[in-house]
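Going by the numbering used here, the sequence shown runs without a break in its numbering and finishes at 393.
Using N, Cα and C, we set each Cβ at its ideal position, and we do this for glycine too.
To keep things clear, I will list the structure first and then write my remarks on it.
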Amino acid sequence: MEQIWTNLRELVQGTAEVLYHIVVVALSAGVALSLPHAANFIAQTFAIHWSAIENDTVALVTIEIAVAVMLIACINYLRRSMKDRQLTQMAAHAGLTNVFPTRGVLARRKIRKLKTKQGRAKHIMVIGSTGYNTFVDPKGDLHTVIWKCLEAKILLLNPYSEAARARARAVLDPKVGPDSLVDQVERTIELCKRLKAGQKSIQLKLYSDPPHVKLAIMGDSIWLQHYHTGLDVHTMPEYVFGQNHNDYGLYTLFYQYFTKKWDSSEIPEYDLETDELVYRGSNGNSHDVRREKFPKRTSNSPSTFCPATHLGDMGLQDR
């Protein structure tokens, strides 16, 4: 019975293809046969209207102006189309696949959805500031991704570094200071510990130089934002670069930037079991050169962190 239905389906599909070709041929023949009559009708109609307006100066000037405007509009459209095509080709050569110039509600929702799709069951590599609004906050862009990825390598700003203190001092809000930065980094560290306890492969390193870019590598996509010195990071556009498997494109450049920063012997790895900063040899040598205790605060230590006041709103932290 199943074979009969299969044969019947194939017969119907074959008949439909034959009928499609017959209809196309018939329409082509009809158009070809009607062209002389259509041309004759247009010529007669034009002659009738032209005899009525050929001596009307106002009508002729109006027609000339209308034709000129149409020509200008068509030429501008063609020039704009050519320019847009060139920009599209340049973006394709650079590997740029998407740009989010604003951070409105719809844009954030789309960004979160795309990142969740691209980061699920993938190896992710991230450079950020505190990581609080990226990973810890349930509304963060990578909050879901960090739980569903296969492996994570994270670079965050050392909250006790001079670069972190200088960045905090630049904020005029008295509620935001070095303690807030420390508190948010510690919350991200606690999240990493929970992930590692759940058998998640996760590595955390803390850099001490001023942050320049917020970078997230997820499979064949790289998400990039610029930490501008005098602007809120939330106002900066977010760029998405894709791997185009060619010898050109910025994906490889940013990937190498992360790899070089990650392999730097000057950036220590945070030991999630002992709360120590581990300095290793060059080229990622597993041999420990030295260990330093990370000065975590106790629960009774004072903190100025207020959940309602996010460093991201002041341009200090990543989303």
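- Taking the CA atoms as reference points, Pro233 sits about 16 Å from Val210.
- Phe315 places its beta carbon less than 8 Å from that of Leu170.
- One alpha carbon belongs to Thr326, the other to Met292, and they sit about 13 Å apart.
- For the options Gly323, Thr131 and Val219, the alpha carbon positioned closest to that of Leu269 is the one of Val219.
- If you ignore the 5 residues before and after Tyr206, its C-beta comes within less than 7 Å of the C-beta of Gln258, Arg261, Thr262 and Gln391, all in its own chain and listed in chain order.
- Where Asn172 is concerned, the enclosing beta strand (DSSP E) starts and stops at Leu170 to Phe174.
- By the criterion of a C-beta distance shorter than 6 Å, Lys222 is surrounded in its chain by Arg194, once the five residues flanking it on both sides are discounted.
- A residue is called buried once 16 or more other Cβ atoms fall within 10 Å of its Cβ, and Gln299 is buried on that count.
- With distances taken between CA atoms, Lys187 lies nearest to Gly214 out of Thr204, Gly214, Ala165 and Gln163.
- In this structure, the CA atom of Gly272 is about 16 Å from the CA atom of Asp345.
- For Thr309, the closest of Trp297, Gln163 and Thr176 by C-alpha to C-alpha distance is Thr176.
- Three or more Cβ pairs drawn from the segment 273–290 and the segment 334–349 lie within less than 8 Å of each other, which places the two stretches in contact.
- Under the three-state reduction of DSSP, Met164 is assigned to helix.
- By the neighbour-count criterion, in which 16 or more other beta carbons inside 10 Å mark a residue as buried, Ala100 falls on the exposed side.
- When C-alpha distances from Ala165 are compared across Ile122, Tyr313 and Leu152, the shortest belongs to Tyr313.
- Bounds of any beta strand (DSSP E) do not take in Asp253; it lies within the alpha helix (DSSP H) bounded by Pro252 to Ala271.
- For Gln299, the beta-bridge partners assigned by DSSP are Lys288.
- The beta-carbon distance between Ser203 and Leu231, rounded to whole angstroms, is 5 Å. This is short enough to meet the 8 Å contact definition.
- Sequence-distant Cβ neighbours of Tyr94 in its own chain, meaning closer than 8 Å and more than five residues away, do not exist here.
- For Tyr331, the three-state secondary structure derived from DSSP is helix.
- DSSP, read as helix, strand or coil, puts Met310 in coil.
- Leu351 sits away from Ala168, with the two beta carbons spaced by 8 Å or more.
- In the three-state DSSP reduction, Ile116 falls in the helix class (H, G or I).
- For the pair Ile201 and Val287, the CB atoms are nearer than the 8 Å cut-off.
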